[in-house]
Structures are given as structure tokens and as C-alpha cells.
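*Asks:* Got a structure here, written out as C-alpha cells. Questions coming.
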Amino acid sequence: MLIILPPSESKTVGGQPGPVAVDQLAFPGLVPTRKHLLSTLEEMGCSFLAAQEALSKNSGSAEAAEERIRSLDKMIGIRATQHAEHESNAAVASSELLPAVERYTGVAYDALDPTGQRTGLPLPADARARLAIGSALFGVIAADDLIPRYRLSAGSKVLVDGQPRTLRSQWTKPAEGNRIGEELARWREDRAADTDGAGGGIIDLRSGGYRDLGKVPGAVSLRVESEYPDGSRKVVSHFNKHYKGLVARELALAGGHLPADPQSTGELAEAFAHRIGDVEAFVEANFRTEVRNPGEVTLIVPAE
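Here numbering that gives the first Met the number 0 is used: the first residue of the sequence shown is 0, the next is one more, and so on.
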């Protein structure tokens, strides 16, 4: 199985010496777009540094420099207090590297606990091999792919031929199709062949913005709802990533296969729901699941 996590805007600093080896990352069909976006992001970061230098010299071009900085802030999606993110982007092609699952931080990754800081039990290599992460910059990467620190989200824009362009336009160009979806479909076909059809299931835990960069036909998503004593339910928003991190951890640790279901017949969704229902910690916490349609499993948790 492959469990695709959402990324996070917050990232750990440091790591081993770079540069990032783009050609060695998982899902090699995404290499051309990765290289294009890395180069573009680096150029945008360097453009910020040049504008910042112009401001520091108090030259006659200060007004233009201020406008360039405001424009770059808007495209990347940051505030003036976050300008260190531009500096990270300027160094993205050469900066230090960490495994992706350790680079990203935040609610989902606290729950996933890849290094065992919360649970005392780091995820072993075979569990990490079942995890992938969606990324605006890299498309989808394996948990142990070595990546730099950067700032780029699904809602960001990049400069292409001097014009702001959405990330979706870069990952789903009409002439090239849905590259992320096609690459993951190839992964599924390979795994299904290796397991005589028993494996190859893809669980897509990405948020909507990242799924829009490359939808995966036949993948199953997870919806989280809280249930109140009167039986009413409400979609979980604030803790959504927390529950997805917990589910990803337990599925990765449990191992085994989930069936490939490219036609979305519901076989994968039922198997996914059953697998969640078998987790002892979830049973004790009164979590349960429902399958409302072939492409989605609902995790129902007690309201807090």
C-alpha cells in the first residue's frame, strides 16, 4: 500500500550537506517538473534578496524594490515577518537535506511521530517505505527522500515567463496531462503486478488543494467527523491533520497489502475501513468507520 500524507508549511532546519539529488527522488516521472519548479523558486528567492539589497542601499529604485517584495510575498503566501522563507528558497538547490518525513513538522507529523519522540517507537524502515508525501514543489515524494527546506504551498504562484502562474497549471499542463496521477498509477500497477493483485492500494490523505495538483483515480481519501452525544456530527477541521497522522502511523506499522482498485469499485475503501477498525488503540478510543462511497472512508471520533 501507499499512504500519501499532506505536507506542512512548517519545516525543520538543518540536515546533511546538499544539494538535492532530484534525479534520485522517488517517482522519477516527475523529475522534469521538479527541476523546473526548483529553478523557478530559486530565482524568485534570489529576486527577493536583490530587492532587499536595493532597499538597504536606499537607492532610487527603492519603490520598485518594495513593490517586487510585496509581489513575491503575495505569490509565495507569506507576511513581511516571514522573509526568511525567501532566503530558504534562494538556497533551495544547494541547502541541507533531511528525509522528507523528518523535514515536515506540524500537527500531522507530531501524530505520525516518525522519529519516536512522542511514542518512544520510531517508525521502522518498512513502515516508512509505505509512506509518501504530497508537495507543491516535488509533486509526491517518498518518506525517506532527502529534501531541502523551502516554502511553497498548493496555493502559491510561481513566475513563469514573467507572469504569476498557479502550481496546478505547472503540474497539469494540457499537453502533458495529470503527471502526478499518472506516476502514481504506474506505481500502483507495478505493485499490483508484484503481489498478484493483492497490493497497490493508495490512500490519499492530502488536502483538497494538493489533490488538485494531481488526482489519483482509484485512490481512497479519509474524511474525519466528530460525533456528539445526540448523534449529530460535524466535520473535523482543526484536528483533521492530527487524526490523519494517527491513521497513517497505524496503517504503516500494520503493514500488509491493500488491493489496487483503479475503477473505484469500493473494494479498497472497504479494506481500508476494516484495517482502521482493527487498530486496538482506535477501538479503545471509540473510533469507528463508514464507507459512504467507493472513494472515501469516514472516520468517526467522539466529540471533545
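Beta carbons: idealized from backbone N, C-alpha and C, even for Gly.
Could you check where the alpha helix (DSSP H) with residue 282 kicks off and where it finishes?
*Replies:* Here the alpha helix (DSSP H) through residue 282 covers 279–283.
*Asks:* Taking its Cβ as the centre, do 16 or more other Cβ atoms sit within 10 Å of residue 173, making it buried, or is it exposed?
*Replies:* Exposed, since its Cβ has fewer than 16 Cβ neighbours within 10 Å.
*Asks:* Using the three-state DSSP reduction, which class does residue 193 fall into: helix, strand or coil?
*Replies:* Three-state DSSP puts residue 193 in a helix.
*Asks:* If you follow the alpha helix (DSSP H) that residue 203 is in, where does it begin and where does it stop?
*Replies:* Careful: residue 203 lies outside any alpha helix (DSSP H), inside the beta strand (DSSP E) at 201–203.
*Asks:* Leaving aside the five residues before and after residue 55 along the sequence, list all residues of the same chain whose C-beta is less than 6 Å from its C-beta, in chain order.
*Replies:* Here the set comprises nothing.
*Asks:* By DSSP, does residue 177 sit in helix, in strand, or in coil?
*Replies:* In the structure shown, residue 177 sits in coil (DSSP, three-state: anything other than H, G, I, E or B).
*Asks:* Helix, strand or coil: how does DSSP classify residue 55 here?
*Replies:* Reduced to three states, the DSSP call for residue 55 is helix.
*Asks:* Compare the Cα-Cα distances from residue 285 to each of 241, 200, 243, 226 and report the closest residue.
*Replies:* Of the candidates 241, 200, 243, 226, the one whose C-alpha sits nearest the C-alpha of residue 285 is 226.
*Asks:* Check whether the segment 196–205 touches the segment 255–266, counting contact only when three or more Cβ pairs, one atom from each stretch, lie closer than 8 Å.
*Replies:* The segment 196–205 is in contact with the segment 255–266.
*Asks:* May I have the straight-line CA-CA distance separating residue 74 from residue 158, to the nearest angstrom?
*Replies:* Answer to the nearest angstrom: the Cα atoms are 8 Å apart.
*Asks:* Can you check which of these residues, 240, 223, 236, 162, is closest to residue 103 by C-alpha distance?
*Replies:* Considering only alpha carbons, the answer is 240.
*Asks:* On the three-state DSSP scale, how would you describe residue 223?
*Replies:* Residue 223: strand per DSSP, three-state reduction.
*Asks:* Pull up the distance between the alpha-carbon of residue 171 and that of residue 178, whole angstroms please.
*Replies:* In a straight line, the C-alpha of residue 171 is about 7 Å away from that of residue 178.
*Asks:* Using CA atoms only, rank isn't needed, just tell me which of 30, 219, 1 is closest to residue 293.
*Replies:* It is 219 whose Cα lies nearest to the Cα of residue 293.
*Asks:* Would you list the residues sitting across from residue 159 in a DSSP beta bridge?
*Replies:* According to DSSP, residue 159 bridges with 162.
*Asks:* Which two residues bound the contiguous alpha helix (DSSP H) that contains residue 64?
*Replies:* Per DSSP, residue 64 belongs to the alpha helix (DSSP H) from 61–75.
*Asks:* Tell me where the beta strand (DSSP E) around residue 249 begins and ends.
*Replies:* No beta strand (DSSP E) holds residue 249; the alpha helix (DSSP H) holding it covers 239–253.
*Asks:* Are the beta-carbon atoms of residue 223 and residue 298 separated by less than 7 Å?
*Replies:* Contact: yes.
*Asks:* Return no unless some Cβ of chain D is closer than 7 Å to the Cβ of residue 230.
*Replies:* The chain inventory of the structure shown lacks chain D, comprising one protein chain alone.
*Asks:* With 16 as the cutoff for other CB atoms within 10 Å, does residue 279 come out buried or exposed?
*Replies:* Exposed: under 16 other Cβ atoms inside 10 Å.
*Asks:* Using C-beta distances below 6 Å, list every residue in its chain close to residue 143, excluding the 5 sequence neighbours before and after it, in chain order.
*Replies:* So the qualifying residues of the chain are 98, 127.
*Asks:* Taking the DSSP output, what are the residues bridged to residue 103?
*Replies:* BP columns for residue 103 point to 10.
*Asks:* Rounded to a whole number of angstroms, what is the C-alpha to C-alpha distance between residue 21 and residue 290?
*Replies:* Cα to Cα, the separation comes out at about 38 Å.
*Asks:* So, residue 3 versus residue 205, is the Cβ gap smaller than 7 Å?
*Replies:* The answer is yes: Cβ separation under 7 Å.
*Asks:* Any idea what DSSP makes of residue 128, helix, strand or coil?
*Replies:* DSSP places residue 128 in coil when its eight states are reduced to three.
*Asks:* Measure the alpha-carbon distance for residue 29 versus residue 135 and round it to whole angstroms.
*Replies:* Looking at the two C-alpha atoms, the distance is approximately 12 Å.
*Asks:* So is residue 257 buried or exposed if we call it buried at 16+ other beta carbons inside 10 Å?
*Replies:* By the 10 Å Cβ count, residue 257 comes out buried.
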